[in-house]
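Quick note: the sequence shown uses the numbering used here, first residue 39, plus one each step.
Beta carbons are placed, not taken as given, at the ideal position from N, Cα and C, and that holds for glycine.
Written below as structure tokens is the structure these notes are about.
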Amino acid sequence: MRVGIVCPYSFDVPGGVQFHVRDLAEALLARGHEVEVLAPADDETPVPDYLTAAGRAVPVRYNGSVARLTFGPVTAARTRKWLEQGRFDVLHLHEPVTPSLSMLALWIADGPVVATFHTSTVRSRSLQVAFPLVRQSLEKISARIAVSEDARRTLVDHLGGDAVVIPNGVYVDAFERAQADERWTGTPDAPTIAFLGRLDEPRKGLGVLLRAVAEVLAHRPGARFLVAGRGDTGEEQAREVLGDQAGAVEFLGGISDEDKARLLASVDVYVAPQTGGESFGIVLVEAMSAGAAVVASDLGAFSRVLDDGAAGVLFRTGDSDDLARTLVRVLDDADLREQVAARASAVVRRYDWSAVTDQVLAVYEMAVAGRDAPVGEDPSSLRGARILELRRGRESRGDR
């Protein structure tokens, strides 16, 4: 197939959706498909050969985070030109109700359209504002994907309709093969606990973790907390919360994909203290693939990824005291760490890009089949049959 993928968020400061788009494009290219990606990016930003930069984006507060979006007549003209030149068999839009490239592409598109919804939120003013702008255009979408049950529920509640759930993908083998780095490897007396995420986004939960550090150190004085991620507020926040104990928290800054894999393969525990706004939890799958025992807040999305607590250990969301108790318990129990890590190594295979790409391609085929349906044949029945076939295939492999 010739596939066009549109990402609404800027590649200048990559995030979860951008990584998903990049990895999906490369997985499709590896199978021989022709793929072009359109995304916001400055002219100076290094991007892959398959990506067309649509210009500079502006930061906008969205869903407890900062999204970098681009919009307007110049961007619309670039989008139209990209679509006309691409002549795609299928157009794959990510977050089509976010006021950026995907929304513009949906307005302009003519042909089979697949849309992936990533956002999970209970109440969204942004979606309520955006819905009237795309209400009629949503009818152009041939098939919908949600990256999790939480994202599907957000779609159903705010926009109507439904979607097949296909999770985010991870190159599991790359994390399984990662070698431990002695800089980050823990010992029985000095175990290591890792955190990855934006330091200046409160919902990522760094504050929740920092408030748990003192209690962990009271039981494990040699424990080291390794914090990776961009943002300038972390070290100052650590000093404010921990005072003289702030030295137990080491800030690594932004790290490469290779160093991320080595970090996760080195530590005793990976902790995910996010407080909300998470539709999936891709870094949990990465940590599970690398062999780290995962401790995570009991958000619905995290609980599902961790097989309801069988592939990781959950604590009460936002409760630093419960996080401290949970970390101490996990650090004190090597058998528990080994047990959850063993379960995790089996669970993660359902998130490998090999499996996820199969499912995405099935949806593409379904969208194209709907376009090519004979006159008088209901294309929705073809789509429904293909979704059922897709779900039966997953069930036969033991996926829930």
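Secondary structure of I183, DSSP reduced to three states: Three-state DSSP puts I183 in a strand.
Mind pulling the alpha helix (DSSP H) runs of 4 or more residues that sit fully within the region 45 to 123? Look at the region 45 to 123 and you find these whole runs of alpha helix (DSSP H), each 4 residues long or longer: 54 to 68.
Can you give me the start and stop residues for the alpha helix (DSSP H) that V279 sits inside? 272 to 280 is the extent of the alpha helix (DSSP H) around V279.
Take the Cβ of E74 as the centre, count every other Cβ of all protein chains shown within 10 Å, and call the residue buried at 16 or more, exposed below. By the 16-neighbour rule on beta-carbons within 10 angstroms, E74 is buried.
Please state the DSSP three-state secondary structure of S317. S317: coil per DSSP, three-state reduction.
Measuring CB to CB, does V185 end up less than 8 Å from F318? It is a contact, given that the beta carbons lie within the stated cut-off.
For A79, which of V41, G350, F109 has the nearest alpha-carbon? Looking at the Cα atoms, F109 is the closest of the given residues.
Would you mind giving the Cβ-Cβ distance between A286 and R262, rounded to the nearest angstrom? I have them listed as a contact below 8 Å. 6 Å between Cβ atoms; contact.
Throw me the rounded Cβ distance for the L241 and G356 pair, which I believe falls under 8 Å. It should be pointed out that residue 241 corresponds to Arg in this sequence rather than to Leu. R241 to G356, Cβ: 10 Å. No contact.
For E415, which residues from the same chain have a beta carbon less than 8 Å from its beta carbon, with the 5 sequence-adjacent residues on both sides left out? Reliability fails at E415, whose pLDDT of 47 lies under 50, so the model's placement of it is uncertain and no value is given.
Grab the span of the beta strand (DSSP E) containing H130 for me, first residue to last. For H130, the uninterrupted beta strand (DSSP E) segment begins and ends at 128 to 132.
Taking DSSP as the reference, what is the three-state secondary structure of Y209? Correct three-state label for Y209: coil.
Would you tell me roughly how many angstroms separate the C-alpha atoms of A77 and E177, rounded to the nearest one? So the two alpha carbons sit approximately 23 Å from each other.
Tell me whether I231 sits in a helix, a strand or coil according to DSSP, three-state version. Strand, per DSSP.
Determine the DSSP secondary structure at G338, reduced to helix, strand or coil. Helix at G338.
Taking the alpha carbon of P84 as the reference point, which residue from V51, A65, T113, R173 has its own alpha carbon closest? Residue V51 is the option with its Cα nearest to P84.
Tell whether a beta-carbon distance below 8 Å holds between R118 and A153. Taking the C-beta atoms as reference points, A153 is found no nearer than 8 Å to R118.
Look at the Cβ atom of V203, then the Cβ atom of L139, and state whether they are nearer than 8 Å. Not a contact, by the Cβ cut-off of 8 Å.
Please look up how many angstroms separate the CB atoms of T395 and R60, rounded, as I've assumed it's under 8 Å. About 13 Å separates the two Cβ atoms, so there is no contact after all.
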